[in-house]
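J.: Structure provided below as structure tokens; questions to follow.
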Amino acid sequence: MLRPRTRQALLLWCFLAPSLAIFLLYRVIPVIWNLVLSFQYWSPLKAAEFAGWDHYEDLWFDDVFWQALWNTLIVIASAPIGIALALGLALLVNADIRGRNVYRTIIFLSYPLMTVAVAIIWRWMFDERVGLINYAARTFDLVDKPIPFLNSFTWALPSVIVANIWQMLGFYMIILLAGLQNVPRELHEAAAIDGAGAWHRFTRITLPLIRPSLFLAFVVGMLNSITSFDLVYVMTGGGPGRATEILVTYIYKLGFVQTKFDDAAAVTIVFFVLLISIAWAANRFTGGNAGAVETE
Amino acid sequence: MGRYPRWPIHFALIGAGIVMLVPFYWVLKTSVSGENIYAYPPSIVPRHIHPFFYIDVWYSIPFARYFLNSVAVSMIAVVCNVAFNALAGYALTHGFRGKNAVMLLFLSCMMVPFQATIIPAYLITGKLGLLDSWLGLALPQCSTIICIFVFKSSFDAVPRSLIDAARIDGLPEWRIIWHIMLPLSRSAIATNVILAFIWSWNNFLWPLIMTRSADMQTLPLGLARFLSYQEDTTGALYAFCIMVLAPGLVLFLMAQREFIQGLTSGATKG
Amino acid sequence: MNRASKWRSILSNRFVVVPGVIAVVVLVWNIYVATHNHGVVIGRVVDVNGNPVADATVALWIFNFTTYEEREHVTTDARGDFRFSNNPSYKLQISAEKPGVGRSDRIPVFLYFRSQDIDLSSPLRLGRN
Chain A
0 MLRPRTRQAL LLWCFLAPSL AIFLLYRVIP VIWNLVLSFQ YWSPLKAAEF AGWDHYEDLW
60 FDDVFWQALW NTLIVIASAP IGIALALGLA LLVNADIRGR NVYRTIIFLS YPLMTVAVAI
120 IWRWMFDERV GLINYAARTF DLVDKPIPFL NSFTWALPSV IVANIWQMLG FYMIILLAGL
180 QNVPRELHEA AAIDGAGAWH RFTRITLPLI RPSLFLAFVV GMLNSITSFD LVYVMTGGGP
240 GRATEILVTY IYKLGFVQTK FDDAAAVTIV FFVLLISIAW AANRFTGGNA GAVETE
Chain B
0 MGRYPRWPIH FALIGAGIVM LVPFYWVLKT SVSGENIYAY PPSIVPRHIH PFFYIDVWYS
60 IPFARYFLNS VAVSMIAVVC NVAFNALAGY ALTHGFRGKN AVMLLFLSCM MVPFQATIIP
120 AYLITGKLGL LDSWLGLALP QCSTIICIFV FKSSFDAVPR SLIDAARIDG LPEWRIIWHI
180 MLPLSRSAIA TNVILAFIWS WNNFLWPLIM TRSADMQTLP LGLARFLSYQ EDTTGALYAF
240 CIMVLAPGLV LFLMAQREFI QGLTSGATKG
Chain C
0 MNRASKWRSI LSNRFVVVPG VIAVVVLVWN IYVATHNHGV VIGRVVDVNG NPVADATVAL
60 WIFNFTTYEE REHVTTDARG DFRFSNNPSY KLQISAEKPG VGRSDRIPVF LYFRSQDIDL
120 SSPLRLGRN
């Protein structure tokens, strides 16, 4: 008969077991498998052979890979634009006005939607002939001829970014709002009494105090933009040419369209390293240790 | 503080609201009237409203089958999520050897997005023989770390005196969870349900990779296939969009408080 | 809480009301469909002046993926009425002609569900083409 302490510990491990199993199976093992696979020649019908750095060398000389990497970096760099807009909205919603919950709901409405449907809607809004964006641009005399947004090498990626920001604006706003609500009003009042202007109060009081929320919003934004497969796949399919190809769509195409699992694994490892290094850099940049959890 | 005028704020927020709502209105308008697919310039108010695109969608594609698949997969994901996450969250409220390692594991798993795991996940699911099945579709989504932490903080808030009294009375652990912890954590359960449902309902990449036969496809997949067959030549595509968005919207509006709470509280825990 | 107010609080919970209302609507709709789907299409054929035309041939076309194809013919009776009894589809076209009198356009008929029983509100006009 086990001692009660050990029995309890065993029971707790049993409770943890299902979740642990899922994460091991679908998070830990895949990362390791990808790593191993990227150093092998393997296809589902053949046995594995050691490949050394060959796949990474192929990537080095692969134009599509560099294009996808560049596009991914541009998409990540666009996340702060969305966050800045959301910060403005959060400040507005945080003000003492009636109906702020209604505004909050309306702005957040786009996030829980199916990204495929959002992509179809925006694909149509950016349409060259009948799209609303072109109509608005022509009505306000911004352009003479309609712009083929999703078919142009210069406008395709910004269009996808706009759709992404539209969908994520509410989410960023919610995170920043939670942070703003933790800023005590007395600080603002005291500073106002001392004669500090609104801009000063914003930069010296609000911004430093919402740093954790800003960091969180940035991490969420980066994670979301770096993984926005649905949006790109349905809006442009990676085109025109490879103008909107991002790393995740390239991984999908390599792995499941061309069935080159080993090459796709190499791209996945690069993708993962990129993700980790950006998260680490953001952590350092905002003062380190943000998002830490107390471990007892 | 602040005798500042309110109307500019309302003005700006109404403007933002319009920007967020215009795409919805536009899609809704076209799905009931079929205008603006070929016609230019578009009209703001629809003429000739009719619901026949919705009927087209219902009959010409196996909408009922896709809907059933999506519902089944989401149900499995939600039930498993609540069960597994509650158990894991409860275990994490105790101290035990190796707890720090487990917490570290969970936190680092949060940094691994699903897109970085698609190839091995596909191979693993293939080895388990679960390709093209509801369980296989639901399995990767059967536990989420954010929700584990939501449960953990909810269970942490239960006063220890209750638990100790139950232990002294000799209740086994699972009864403590069932009769004491869960009834006091209704909002955590609601949060978990809504988050898990929405994430599994909207999931596109995993069904795209996994399903082989046409009648195991879920709604997002069906929608994307419809687009590639029909292009955007008919109002039926937009009717399909609305039909697909409606359940998510209704659910969100019903449970928005829990949804937002879950996202902010679970997220701030790391 | 006594039993009555406990029931009231359960029933007014939005998680019960909304699915409940949806379930009721779906049920009522299905009952309506089940009682009205015999596939009956009734209409009338008139000539240019509005007089009913007897013995005109009326054709039923059914939408089949991309085009309409002709499926059935009936003839109008003495009062110009016609009746189809096993329409299987929800997207139809009806046309009528009588040699010597004229031919009508192909009128589209959109139904709400397959084999919905419908009584066409406006008659088919035979014109000279």
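Chains as they are written, first to last, in numbering that gives the first Met the number 0: chain A, 0 to 295; chain B, 0 to 269; chain C, 0 to 128. Think of the CB as a built atom: it goes at the ideal place given N, C-alpha and C, for glycine as much as any other residue.
With DSSP collapsed to three states, give me the class of V52(C).
T.: Position 53 of the third sequence, counting from 1, holds the residue named residue 52(C). It is coil, neither helix nor strand.
J.: Nearest CA to the CA of I297(A): which residue from W12(A), L24(A) and L58(A)?
T.: Since the first and last residues shown for chain A are 0 and 295, residue 297(A) lies out of range.
J.: Hey, out of L110(C), Q92(C) and D46(C), whose CA is closest to T66(C)'s CA?
T.: Counted from its first residue, the third sequence places residue 66(C) at position 67. Per the Cα distances, Q92(C).
J.: For Y58(B), go through chain C and note every residue whose CB falls closer than 9 Å to its CB, in chain order.
T.: If you number the second sequence from 1, residue 58(B) lands on position 59. Result: S88, Y89, K90, F112 and R113.
J.: Give a yes or no on whether 8 Å exceeds the smallest Cβ distance from R105(C) to chain B.
T.: Your numbering for residue 105(C) matches position 106 in the third sequence. Chain B contact via Cβ: absent.
J.: Would you please verify whether the beta carbon of F81(C) is less than 8 Å from any beta carbon of chain B?
T.: Counting from one through the third sequence, the residue named residue 81(C) turns up at place 82. Judged by the 8 Å Cβ criterion, F81(C) is not in contact with chain B.
J.: Nearest by alpha-carbon distance to D214(B): which of R64(B), A120(B) and W57(B) is it?
T.: As a position in the second sequence, residue 214(B) is number 215, starting the count at 1. Closest by alpha carbon: R64(B).
J.: Is there a C-beta anywhere in chain A that falls below 8 Å from the one on M110(B)?
T.: Counting from one through the second sequence, the residue named residue 110(B) turns up at place 111. Yes, M110(B) counts as interfacial toward chain A.
J.: Please work out which residues of its chain come closer than 7 Å, Cβ to Cβ, to G169(A), disregarding the five sequence neighbours upstream and downstream, and give them in chain order.
T.: To locate residue 169(A), count along the first sequence from 1; it is residue 170. Same-chain partners within the cutoff: I106, F107, L108, S109 and Y110.
J.: Determine the closest residue to I174(A) out of F139(A), R103(A), A197(A) and T235(A), with distance taken between C-alpha atoms.
T.: The count along the first sequence starts at 1 and reaches residue 174(A) at position 175. Ranking the options by Cα distance to I174(A), first place goes to R103(A).
J.: Can you give the Cα-Cα distance for S142(B) and G130(A), rounded to whole angstroms?
T.: Locating residue 142(B) in the second sequence gives position 143, where the first residue counts as 1. Locating residue 130(A) in the first sequence gives position 131, where the first residue counts as 1. Cα to Cα, the separation comes out at about 40 Å.
J.: Determine the DSSP secondary structure at E34(B), reduced to helix, strand or coil.
T.: One-based indexing of the second sequence puts residue 34(B) at position 35. It is coil, neither helix nor strand.
J.: Using a Cβ cut-off of 7 Å, pull out every chain C residue sitting near F51(B), in sequence order please.
T.: The count along the second sequence starts at 1 and reaches residue 51(B) at position 52. Near F51(B) (Cβ distances below 7 Å), the residues of chain C are F109.
J.: Just by C-beta distance, which residues in the stretch 3 to 34 of chain C are closer than 7 Å to chain B?
T.: Cβ contacts with chain B come from R13, F14 and V17.
J.: Do you know whose CA, among A90(B), T190(B), L67(B) and A82(B), lies nearest Q260(B)'s CA?
T.: For the purposes of this step, residue 260(B) is taken as the residue at position 261 of the second sequence. Selected option, being the one with the closest Cα: T190(B).
J.: Alpha helix (DSSP H) containing H199(A): first to last residue?
T.: Numbered from its first residue, the first sequence carries residue 199(A) at position 200. Its alpha helix (DSSP H) spans residues A197 to R200.
J.: Since I197(B) meets chain A, which of its residues come closer than 7 Å, beta carbon to beta carbon?
T.: Residue 197(B) sits at position 198 when you count from the first residue of the second sequence. Chain A residues near I197(B): P111.
J.: Using a 10 Å radius around the Cβ and a threshold of 16 neighbouring Cβ atoms, would you call N86(C) buried or exposed?
T.: For the purposes of this step, residue 86(C) is taken as the residue at position 87 of the third sequence. With 16 or more Cβ atoms within 10 Å of its Cβ, N86(C) is classed as buried.
J.: Is any beta-carbon of chain C found at less than 8 Å from that of M253(B)?
T.: Looking up residue 253(B) in the second sequence gives position 254. Output row for M253(B): interface = yes.
J.: Quick check: the stretch 79 to 88 of chain B against the stretch 186 to 203 of chain B, are there 3 or more CB pairs under 8 Å?
T.: They touch, by the three-pair rule.
J.: Going by CA-CA distance only, name the one from G79(C), T75(C), A58(C) and D76(C) that's closest to E69(C).
T.: For the purposes of this step, residue 69(C) is taken as the residue at position 70 of the third sequence. Per the Cα distances, A58(C).
J.: State the Cα-Cα distance for the pair L183(C) and K90(C), rounded to the nearest angstrom.
T.: Look at the range of chain C in this structure, 0 to 128, and you will see that residue 183(C) is not part of it.
J.: Exposed or buried, what is V47(C) when buried is set at 16 or more other beta-carbons lying within 10 Å of its beta-carbon?
T.: Against the third sequence, residue 47(C) aligns to sequence position 48. That one is exposed.
J.: Considering only residues of the same chain and omitting the five flanking positions on each side of F239(B), which have a CB-CB separation below 7 Å?
T.: Working through the second sequence from its first residue, we reach residue 239(B) at position 240. The residues are V56, L222 and F225.
J.: Label R13(C) either buried or exposed according to how many other C-beta atoms from any shown protein chain fall within 10 Å of its C-beta, with 16 as the threshold for buried.
T.: To locate residue 13(C), count along the third sequence from 1; it is residue 14. Exposed is the call here.
J.: Going by CA-CA distance only, name the one from V149(B), I162(B), Y228(B) and F113(B) that's closest to F258(B).
T.: Taking the first residue of the second sequence as 1, we reach residue 258(B) at position 259. Of the candidates V149(B), I162(B), Y228(B) and F113(B), the one whose C-alpha sits nearest the C-alpha of F258(B) is V149(B).
J.: Just how far apart, CA to CA, sit W154(A) and L274(A)?
T.: Stepping through the first sequence from its first residue, residue 154(A) is reached at position 155. Stepping through the first sequence from its first residue, residue 274(A) is reached at position 275. The alpha-carbon atoms of W154(A) and L274(A) are separated by roughly 25 Å.
J.: If I measure Cβ to Cβ from I60(B) and keep anything under 7 Å in the same chain, skipping five residues before and after, which residues do I get?
T.: As a working note, residue 60(B) is residue 61 in the second sequence. Result list for I60(B): G221 and F225, in chain order.
J.: Please say whether V243(B) and M113(A) have beta carbons closer to each other than 8 Å?
T.: As a position in the first sequence, residue 113(A) is number 114, starting the count at 1. As a position in the second sequence, residue 243(B) is number 244, starting the count at 1. Contact flag set, yes.
J.: Since F152(A) and A242(A) are thought to touch, with beta carbons under 8 Å apart, how far apart are those beta carbons, to the nearest angstrom?
T.: Walking along the first sequence from the start, residue 152(A) turns up at place 153. Walking along the first sequence from the start, residue 242(A) turns up at place 243. The Cβ separation is near 5 Å, so the contact holds.
J.: What does S142(B) touch in chain A if you count any residue whose Cβ is under 8 Å from its own?
T.: Translated into the one-based positions of the second sequence, residue 142(B) becomes position 143. Residues of chain A passing the Cβ test: P17, S18, I21 and F22.
J.: Given that a residue counts as buried once 16 or more other Cβ atoms are within 10 Å of its Cβ, and exposed if not, what is C13(A)?
T.: Reading the first sequence from its first residue, position 14 is the one you call residue 13(A). Under this definition C13(A) is an exposed residue.
J.: From the beta carbon of I54(B), is the nearest beta carbon of chain C less than 8 Å away?
T.: Position 55 of the second sequence, counting from 1, holds the residue named residue 54(B). It does; some Cβ of chain C falls within 8 Å.
J.: Identify the contact partners of Q77(B) in chain C, using a Cβ-Cβ distance below 7 Å as the criterion.
T.: Taking the second sequence and counting its residues from 1, one reaches residue 77(B) at position 78. Just to set this straight, residue 77(B) is Val in the shown sequence, not Gln. Per Cβ cutoff of 7 Å: no residues; V77(B) is ~13 Å from chain C at best.
J.: State whether the stretch 113 to 128 of chain A contacts the stretch 224 to 233 of chain A, with contact taken as three or more CB pairs (one from each stretch) at a distance under 8 Å.
T.: Yes: at least three Cβ pairs fall under 8 Å.
J.: Could you tell me the alpha carbon to alpha carbon distance between D80(C) and V45(C), rounded to whole angstroms?
T.: For the purposes of this step, residue 80(C) is taken as residue 81 along the third sequence, with counting starting at 1. For the purposes of this step, residue 45(C) is taken as residue 46 along the third sequence, with counting starting at 1. About 9 Å.
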